[in-house]
Amino acid sequence: MKQQIQVDENGYYGQFGGAYIPEMLYPNVAQLQKEYISIMEDADFQKEYKYLLKDYVGRPSPLYLAQRLSAQIGTEIYLKREDLNHTGAHKINNAIGQVLLAQRLGKKRIIAETGAGQHGVATATVCALKGLECIVYMGEIDIKRQAPNVARMKMLGAKVIPAKSGSKTLKDATNEAIRDWINNPTDTHYVIGSVVGPHPYPDMVARFQSIISEEIRWQLKEKTGSELPTHVIACVGGGSNAAGAFYYFLNEPSVELIAVEAAGLGIHSGHSAATTTLGTPGVLHGSKSIVMQTADGQVVEPHSISAGLDYPGIGPLHAHLFASGRGRFLSATDDQSLKAAFNLTRLEGIIPALESSHALSGLEQVEFPAGSRVVVCLSGRGDKDMDTYMKHMADFE
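Quick note on numbering: numbering that gives the first Met the number 0 labels position 305 of the sequence shown as 304, and the sequence is numbered without any gaps.
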């Protein structure tokens, strides 16, 4: 497919992107920039990647017509069931791709960061499959609120190292992973879990996740006779599931792309992660994007009930979609996302991840014209969030 929105040779989407890295990492990042496309397009790589997606992950993930939810909202709603992938989220698509790529680069040691734990579990899973050492950095607070995923990572053989600085969440785990990479530049590959970081990570992760929208197109064609929805909705922290869900619709102007950020306790409460509303252009974790920061460039600590959306920035692709007007950015508070999660559970018998419930809350914020055909990316399953759901269950009975 010819792409009109695509990264340029220096890793920029419009004014956002690039590679802002310390000198110690330059050889690693330069090697990735030079080789990632040729490795990803190699026939043997594609053969192994697609085999694992099909027989190990269980792809294609279903595109499910949610009939009771559709009746409630008053339009046709399909759920892209990434929650049914092996390990329970879309993260496995990218983890498999990057670990296979790391092997071809001769790397023996894998590091990763994780917020909700889904990326950490996915990376630990693929490392177990391939017999590679795996170290996962995770915020100390996230370790407590995502205990089941921490146990899964350890059972898979990964070493989970707590990040104890800052807000002790995803941002700080990313900082610690980058420090590790700087100290171990030769034998280590950093499996970044979202469309953030220095070029080529945003483009590389988006390409690995593009299987989501590639499948949506042919699945929708089979079900409706048309491969184009009217709207695609996905949650955005860093934005990997949204990038994958949007990818093959980026240059289809009839398809409205809707991203839902975490407003936490309220956009202007001081406890939020609504980056496009609160942020300004800046550099975070190796690329230029939109960042929640003070006037002198200090990162503002984010907040979300969802560990996966508790991040003070968005990927450069999403910053470009926002700045250019190609994407529509909404936000959902903790309470709105909880309401959407319990609503889907009671209507369709599906317990979504808290991240996905933010995307679902977007259904309540959009006025859909008659005849709309809406796809919501259900990025992960809610097992990991049961402690949080149990605390709020009485509010929704």
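We put the CB at the ideal spot given by N, CA and C, even for glycine. Note that the coordinates shown come from a computational prediction; the quantities given were computed from them, not determined experimentally.
Buried or exposed (CB count within 10 angstroms, at least 16 for buried), residue i
i    : result
D382 : exposed
Y50  : exposed
G238 : buried
Q3   : exposed
E112 : buried
Q30  : exposed
F395 : exposed
E366 : exposed
S305 : buried
Own chain, CB closer than 6 angstroms to residue i, minus 5 neighbours either side, in chain order
i    : result
V125 : A94, I95, V98
E213 : Y247
H284 : T173, V195, G196
A244 : I211, S212, V231, A233, C376
I349 : L343
L337 : H391
Three-way DSSP call (helix, strand, coil) for residue i in this model
i    : result
L227 : coil
F367 : coil
E175 : helix
T403 : The structure shown does not extend to residue 403, since the chain is modelled only from 0 through 396, so no value can be given for it.
L104 : coil
H188 : strand
A261 : strand
T113 : strand
E255 : strand
Q297 : coil
E8   : coil
E22  : helix
R345 : helix
V204 : helix
Q71  : helix
Own chain, CB closer than 7 angstroms to residue i, minus 5 neighbours either side, in chain order
i    : result
R206 : M39
T276 : I266, S330
Paired residues, beta bridge with residue i - DSSP
i   : result
A88 : G379
G16 : Y11, K287
I76 : V373
Cut-off 8 angstroms between Cβ atoms - residues of its own chain near residue i, not counting five sequence neighbours on either side
i    : result
V135 : I110, A111, E112, T113, G119, T122, A123, M152, A157, K158, V159, I160
Checklist entry - If you pair each beta-carbon of the stretch 185 to 199 with each one of the stretch 110 to 130, do three or more pairs fall below 8 angstroms? => result yes
Item to check | Stretch pair the stretch 126 to 146 + the stretch 220 to 234: three plus CB contacts closer than 8 angstroms | outcome: Too few Cβ pairs lie closer than 8 angstroms, so no.
Item to check | Any 3 or more C-beta pairs closer than 8 angstroms across the stretch 306 to 314 and the stretch 283 to 294 | outcome: yes
Next on the checklist: If contact is defined by three or more beta carbon pairs under 8 angstroms, each pair taking one atom from either stretch, is the stretch 18 to 30 in contact with the stretch 167 to 186?
Outcome noted: yes
Item to check | Touch test, the stretch 52 to 60 against the stretch 334 to 345, Cβ-Cβ under 8 angstroms, three pairs minimum | outcome: no
Checklist entry - Does the stretch 297 to 311 come close enough to the stretch 264 to 272 to have 3 or more Cβ pairs within less than 8 angstroms? => result yes
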